[in-house]
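In our numbering, each residue carries its 1-based index in the sequence shown increased by 1. Here's the structure we're looking at; comments come further down.
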Amino acid sequence: MTDSAGAARAIHEWFLRRGLPLVLTRRVRSRALIARSAPAVAGVGVLTVVTLLLADWTGEDPDAAYIARLAIVAVALAAAPSVLHTLHRRGTAASEAGRRTAALAVMGIFVLLVPVISEGWSAEALAEVPVFLLVSLATIWLTYLGFGSIALWAFRFAWAQLGALGTLMSRALPLLMLTVVVYFTGELWQLAARMTRERLWQTIGFLALVAVVFMIATIRDEVSALRQDRSEQSDPAALLAGTPLASAGAAPVSRSPLSLAEQTNVVAVMVVAQAIQVVLFTAGLFVFFLALGIIAVPDDVTVLWSGEQSCPVGEPPCAGTWFGIHIPIPQTVVHISLFVAVLSGLYFTVSTSVDPLYRQRFFDPLIADVAVSLAGRDAYLELEHRRS
């Protein structure tokens with residue numbers, strides 16, 4: 002590999018690590034697309050197989066042979082990303098060919114083997130193959146768009162700033178006390194008992210959409226302000242010190258307007274980073290309310306509040322399920338805990354935009370990090386212009 006090719010690859014990797022894949026050209030994003038998509042497909046496959054395994058294991062009549070087959074497939078898919086990464090690091094022509102072969106094998110296991118194992122050699126299995134193929138194609142398309150790099154950067158940043166979440170959770174104790182009062186409302190328990198899981202997810206999806214729209218509107222204004230004002234307060238060369246762009250001698254001479262794809266990319270990384278914090282906050286509350294329902298609400302009170310009369314299996318309160326996995330918690334407790342936790346998560350989303358301490362601990366470092374990425378984008382475009 003020549004020095005210029007090595008420098009170009011380092012720059013491309015730098016943008017991918019920072020969650021800005023749409024700054025790169027289509028040719029760069031299309032390179033080794035199948036091989037780069039295989040780890041994500043393997044991850045989806047592991048999640049699917051483990052869910053099927055747990056659903057059968059916790060069911061009424063578990064099949065040991067079926068569970069063993071699923072476990073073997075899960076181990077094979079889980080090992081695939083490590084194998085692909087090892088082949089990629091070797092960098093030889095033979096290892097790249099092996100990487101492509103391994104990637105195609107992962108695709109074949111997910112599209113063909115998983116449906117056959119879950120349904121057997123039947124028409125149902127053949128009917129599910131197009132669904133799994135569609136999921137694989139969607140994963141490849143998302144990899145081309147750089148969704149994986151966006152999600153990984155956002156997760157790393159959100160994890161590094163996890164202390165800000167603890168700070169806001171401590172400041173949200175008044176909200177928690179209010180939701181605890183709402184949690185013990187009989188009418189809400191009746192709604193939770195009569196709400197199907199499908200309708201519950203539809204409600205959660207609507208509330209999540211409201212939260213995402215609010216985050217996009219807020220962050221888009223932040224990006225505009227960053228592009229217009231805040232970037233003037235920092236020296237671009239200082240921002241890029243120690244990066245591959247500085248090593249390549251690239252320096253942003255001017256700031257061209259962001260394209261629609263680039264603006265979408267920048268907003269997406271900030272939205273996903275904040276959304277991860279919201280999901281962690283909501284998940285923590287969900288676990289809290291589950292534990293509260295188990296400890297504080299006896300089964301006879303659950304039946305009284307929910308008005309349950311009968312269950313498909315056993316006596317009320319009806320046993321709960323989670324993505325087909327049977328859990329020893331009443332279904333009503335699962336529903337009401339999830340519903341109240343998501344409502345609290347929506348409040349959390351709104352409060353983060355006005356809480357000065359959270360902004361100082363989480364949002365300002367996020368803005369500063371994105372400022373480095375935008376300076377890198379300007380330098381990269383200048384470098385590409387000089388090369389052309």
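Heads up, the beta-carbon is just placed ideally off N, CA and C, and yes, glycines get one too.
Less than 8 Å divides the Cβ of Pro318 from the Cβ of Thr333.
Look at Pro258 here: in three-state DSSP terms it is coil, with no helix or strand label. In this structure Phe158 is buried. Its beta-carbon is surrounded by 16 or more other beta-carbon atoms within 10 angstroms. The Cβ atoms of Ala155 and Leu347 lie no closer than 8 Å to each other.
A check of alpha carbon separations from His386 across Thr26, Ile295, Gly20, Glu61 identifies Thr26 as the nearest. Restricting attention to Ala43, Ala75, Ala39, Tyr145, the CA atom closest to the CA of Leu53 is found in Ala75. When the five nearest sequence neighbours on each side are left out, the beta carbons in the same chain lying within less than 6 Å of the beta carbon of Thr219 are those of Ser354, in order along the chain. Counting only runs of 4+ residues, the alpha helix (DSSP H) found wholly inside the region 43-95 occupies 65-91, in chain order.
The residue among Ala380, Val268, Arg195 with its C-alpha nearest the C-alpha of Val304 is Arg195. Here Ala320 is bridged, per DSSP, to Pro331. Taking one beta carbon from each stretch, the region 82-93 and the region 34-41 have 3 or more pairs nearer than 8 Å; the two touch. In this structure, Val270 is the residue among Val343, Pro131, Val270 with its C-alpha nearest to the C-alpha of Leu21. Per the C-alpha coordinates, the member of Val341, Thr350, Leu227 positioned closest to Gln278 is Thr350. Between the region 292-310 and the region 183-198 there are three or more inter-stretch CB-CB distances shorter than 8 Å, so the stretches are counted as touching. Within 10 angstroms of the beta-carbon of Ile73 lie fewer than 16 other beta-carbons, which makes it exposed. Taken in chain order, the whole beta strand (DSSP E) runs of length 3 or more contained in the region 179-206 number zero. If you check the CB distance, Gly377 and Thr244 come in under 8 Å. Judged by DSSP secondary structure, Pro299 falls outside any alpha helix (DSSP H); it is assigned neither H nor E.
Within the same chain, Cβ atoms closer than 6 Å to the Cβ of Ser96 are found at Leu88, the five residues on either side in sequence being excluded. When only Cα atoms are considered, Gln191 and Phe207 end up about 21 Å apart.
The criterion of a C-beta distance shorter than 8 Å is not satisfied by Tyr381 and Ile118. For the 8 Å CB-CB criterion, Ile110 and Leu78 form a contact.
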